[in-house]
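Numbering (the numbering used here), first residue to last: 14 to 525.
Working notes, structure below.
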């Protein structure tokens, strides 16, 4: 298939015309010698001539390559009708200041003089204006027939339409990521900007709905802010447009119904920092790494843990995956080798959360045994073992969960299965305790940080959304989440958006 360069020029010319860039259009036509010579609809163009809608006709005719004699006929008729309407000044301007009439003056002086005399008459006389046997309507019909032979019909906005088709095809072929903003010139999605300040989400943005008898078990936002991923009881991993709550069907495999699938319920999800991969952990102790664009399995760890996976996270450089399991173990797996690289032993109950410090030098883990352990990543040595809630309890401690590293800091937050949340340092010190009222919280279930880390959101066993303000060191109770027994949540990395999961088949997505 060959595309003519003149066709590309005409696409640009049509765009210039439709956006009233007249001077640029005239320059392009003059330099290339390629004229648009099109109208959106021939029937409408003909009707405009026959109705005497000359402003519409001229808008098209001025940018077309029309034979001089036919252009002269057009301008002559417009002048005659302006005189008939007693609009002598516009008629005189057309006669004396336009190129077609200048050609008439030099080549057909008698015809030009006839128009001058017509304008000087005090009353309009059709018999004087038109040749014998001609009328206004017959002249319009004749001009319409002449001009229709000079122009072609072309649908409006062809350039934008063709670009739209191209992008749609690339989306279907997974050559583009879904994005509300796309830089067409550079051929990439515009990077989503981070909000200027953290604000607590308080209103419903969208709802993701699962089939009956199914419900989500895990969720995560991609770091580039484009997608929301969910894992469910039936083992499916699905990618969603969080703005609409609809499946991201621009990913071809999802449009075709070929979803990513684990053999058991998905109990942990995490995106790579470059947002190219998603890691899923399952009830059977298996881990798989998936390519987002194609939905294919890139790497699998068939025996990552001897019991169900409880949490997964990529290392800061995306070369490793950190996992925690119900077997009390924390492990690091290498994506290149496909093998377990490190094992962290010491907890006496299922792991609930495990994260890397921001620089990757430490691994932090939380467990149902009530301890928070801080490990050296390289040696797997436990550097600190802390029970943050030890002052409020006796021999048994509430479980710890939801470890959150504060951006740009060596500090992190840990929730407990109590009304208390703790700010800790990477050297094991408890820096601050935040405790909710028992009227809104007996135990926190899940938590997440907003983009800048100023606010931390946490949901209680009463489905009340709380937030901690780290600048004022205060905790506040906000709205009630419509779902009972919220078990997990995720905050968008760039926007003030949060999504919540429970045993309900709906995921409410809130925005500020």
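Glycine included, every Cβ here is placed at the ideal spot set by N, Cα and C.
Environment of residue 345 [buried if 16+ CB atoms lie within 10 Å] = If you number the chain shown from 1, residue 345 lands on position 332. Counting the other Cβ atoms within 10 Å of the Cβ of residue 345 gives 16 or more, which makes it buried.
Give the DSSP-derived three-state secondary structure of residue 121 in the structure shown.
-> Taking the first residue of the chain shown as position 1, residue 121 is located at position 108. Here residue 121 sits in coil by DSSP.
Use the C-beta contact count for residue 470: other C-beta atoms within 10 angstroms, 16 or more gives buried, fewer gives exposed.
-> In the chain shown, residue 470 corresponds to position 457, counting from 1. With a threshold of 16 other beta carbon atoms within 10 Å, residue 470 meets it and is buried.
Buried or exposed: which applies to residue 251, given that a residue is buried once 16 or more other Cβ atoms fall within 10 Å of its Cβ?
-> Here residue 251 is taken as the residue at index 238 of the chain shown, counted from 1. So residue 251 counts as buried.
Bounding residues of the beta strand (DSSP E) (the contiguous stretch that carries residue 519) = As a first step, residue 519 is located in the chain shown; it is residue number 506 there, counting from the start. Where residue 519 is concerned, the enclosing beta strand (DSSP E) stretches over 519-524.
Span of the beta strand (DSSP E) holding residue 389?
-> As a working mapping, residue 389 is identified with position 376 in the chain shown. Residue 389 -> beta strand (DSSP E) spans 385-389.
Starting from residue 364, trace the alpha helix (DSSP H) both ways and give me its first and last residue.
-> Looking up residue 364 in the chain shown gives position 351. First-last for residue 364: 364-369, but that is the beta strand (DSSP E), not the alpha helix (DSSP H).
Taking Cβ to Cβ, would you say residue 501 is nearer than 9 Å to residue 459?
-> The sequence position of residue 501 within the chain shown is 488, counting from 1. The sequence position of residue 459 within the chain shown is 446, counting from 1. The answer is yes: Cβ separation under 9 Å.
Closest Cα partner of residue 415 within the set 145, 378, 174 = Position 402 of the chain shown, counted from the start, is the residue given in the question as residue 415. Looking at the Cα atoms, 378 is the closest of the given residues.
Near residue 45, which residues of its chain fall below 7 Å by C-beta distance, leaving aside the five closest residues on each side in sequence?
-> Within the chain shown, the letter at position 32 stands for residue 45. Closer than 7 Å at Cβ, skipping near neighbours: 22.
Three-state secondary structure (DSSP) at residue 229?
-> The residue labelled residue 229 in the question sits at position 216 within the chain shown. Strand.
Tell me, to the nearest whole angstrom, how far the beta carbon of residue 83 is from that of residue 160; I am working on the premise that it is less than 8 Å.
-> In the chain shown, residue 83 corresponds to position 70, counting from 1. In the chain shown, residue 160 corresponds to position 147, counting from 1. Correct: roughly 7 Å between the Cβ atoms.
Within 10 angstroms of the Cβ of residue 92, are there 16 or more other Cβ atoms? Answer buried if so, exposed if not.
-> Taking the first residue of the chain shown as position 1, residue 92 is located at position 79. Buried.
For residue 332, which residues from the same chain have a beta carbon less than 8 Å from its beta carbon, with the 5 sequence-adjacent residues on both sides left out?
-> Position 319 of the chain shown, counting from 1, holds the residue named residue 332. Excluding sequence neighbours, residue 332 sits near 347, 348, 349.
Check whether the segment 173-185 touches the segment 67-78, taking contact to mean three or more Cβ pairs, one atom from each stretch, closer than 8 Å.
-> Counting Cβ pairs under 8 Å, fewer than three are found: no touch.
Taking residue 518 and residue 225 to be in contact with their CB atoms under 8 Å, please state how far apart those CB atoms are, rounded to whole angstroms.
-> The count along the chain shown starts at 1 and reaches residue 518 at position 505. The count along the chain shown starts at 1 and reaches residue 225 at position 212. With a beta-carbon spacing of about 7 Å, residue 518 and residue 225 fall inside the 8 Å limit used to define contacts.
Counting Cβ pairs, one atom from each stretch, are 3 or more of them under 8 Å apart for the segment 111-125 and the segment 165-184?
-> Contact between the segment 111-125 and the segment 165-184 is absent: fewer than 3 CB-CB pairs across the two stretches fall below 8 Å.
Look at the alpha carbon of residue 467 and the alpha carbon of residue 396, and state the distance between them as a whole number of angstroms.
-> For the purposes of this step, residue 467 is identified with residue 454 of the chain shown, where counting begins at 1. For the purposes of this step, residue 396 is identified with residue 383 of the chain shown, where counting begins at 1. Taking the straight line from one Cα to the other gives about 28 Å.
Cβ-based burial, residue 14 [other Cβ within 10 Å; buried from 16] = For the purposes of this step, residue 14 is taken as residue 1 along the chain shown, with counting starting at 1. The residue is exposed, with fewer than 16 neighbouring Cβ atoms inside 10 Å.
Have a look at 505, 36, 32 and flag the residue whose alpha-carbon is nearest the alpha-carbon of residue 283.
-> Taking the first residue of the chain shown as 1, we reach residue 283 at position 270. Residue 505 holds the alpha-carbon nearest to the alpha-carbon of residue 283 among 505, 36, 32.
Taking the Cβ atom as the reference point for each residue, do residue 374 and residue 427 lie within a distance shorter than 9 Å?
-> Position 361 of the chain shown holds residue 374. Position 414 of the chain shown holds residue 427. For residue 374 and residue 427, no; Cβs fall outside 9 Å.
Nearest candidate by alpha-carbon position, reference residue 221, set 430, 475, 271, 259 | By 1-based counting over the chain shown, the position of residue 221 is 208. When only C-alpha atoms are compared, the closest one is 259.
Uninterrupted beta strand (DSSP E) stretches inside the segment 396-445 (no shorter than 3 residues) | Entirely contained in the segment 396-445, the beta strand (DSSP E) runs reaching 3 residues are, in chain order, 413-418, 424-429, 433-438.
Kindly list the residues whose CB is nearer than 7 Å to the CB of residue 78, restricted to its own chain and excluding five residues on each side of it in sequence; keep chain order.
-> Indexing the chain shown from 1 puts residue 78 at position 65. These residues qualify, in order along the chain: 48, 50.
What is the DSSP secondary structure of residue 499, reduced to helix, strand or coil?
-> Residue 499 sits at position 486 when you count from the first residue of the chain shown. Of the three classes helix, strand and coil, the one that applies to residue 499 here is coil, per DSSP.
Which residue from 142, 398, 380, 381 puts its Cα closest to that of residue 388?
-> Along the chain shown, read from residue 1 onward, the residue named residue 388 stands at position 375. The shortest Cα separation from residue 388 among 142, 398, 380, 381 belongs to 398.
Closest Cα partner of residue 107 within the set 121, 129, 291, 120 | Here the question's residue 107 lines up with position 94 in the chain shown. When each option's Cα is compared against that of residue 107, the closest is 129.
Close Cβ partners of residue 24 (< 6 Å) along its chain, the five nearest in sequence each way excluded | Sequence index remark: in the chain shown, residue 24 carries index 11 (1-based). Cβ within range, chain order: 171, 172.
Continuous beta strand (DSSP E) assignments of at least 3 residues falling wholly in the segment 456-506 | Qualifying beta strand (DSSP E) stretches, in chain order: 457-462, 468-473, 477-482, 487-493, 501-504.
Endpoints, the beta strand (DSSP E) within which residue 278 is located = As a first step, residue 278 is located in the chain shown; it is residue number 265 there, counting from the start. In the DSSP annotation of this structure, residue 278 is not part of any beta strand (DSSP E), being labelled neither H nor E.
Span of the alpha helix (DSSP H) holding residue 142?
-> Here residue 142 refers to the residue found at position 129 of the chain shown. Membership of residue 142 in the alpha helix (DSSP H) is indicated by the continuous run 139-142.
Measure from the alpha carbon of residue 212 to the alpha carbon of each residue in 334, 261, 481, 86, then state which is nearest.
-> Indexing the chain shown from 1 puts residue 212 at position 199. When only C-alpha atoms are compared, the closest one is 481.
Report yes if the C-beta distance between residue 316 and residue 295 is below 9 Å; otherwise report no.
-> Locating residue 316 in the chain shown gives position 303, where the first residue counts as 1. Locating residue 295 in the chain shown gives position 282, where the first residue counts as 1. No, these two residues do not count as a Cβ contact at 9 Å.
Under the rule that 16 or more other beta-carbon atoms within 10 Å means buried, what is residue 61, buried or exposed?
-> Taking the chain shown and counting its residues from 1, the one referred to as residue 61 is at position 48. Counting the other Cβ atoms within 10 Å of the Cβ of residue 61 gives 16 or more, which makes it buried.
Taking residue 437 and residue 401 to be in contact with their CB atoms under 8 Å, please state how far apart those CB atoms are, rounded to whole angstroms.
-> Walking along the chain shown from the start, residue 437 turns up at place 424. Walking along the chain shown from the start, residue 401 turns up at place 388. Approximately 6 Å separates the beta-carbon atoms of residue 437 and residue 401; this is inside 8 Å, confirming the contact.
Name the residue from 507, 511, 216, 520 whose alpha carbon lies nearest to the alpha carbon of residue 205.
-> Working through the chain shown from its first residue, we reach residue 205 at position 192. Put simply, of 507, 511, 216, 520 the residue whose alpha carbon is nearest the alpha carbon of residue 205 is 507.
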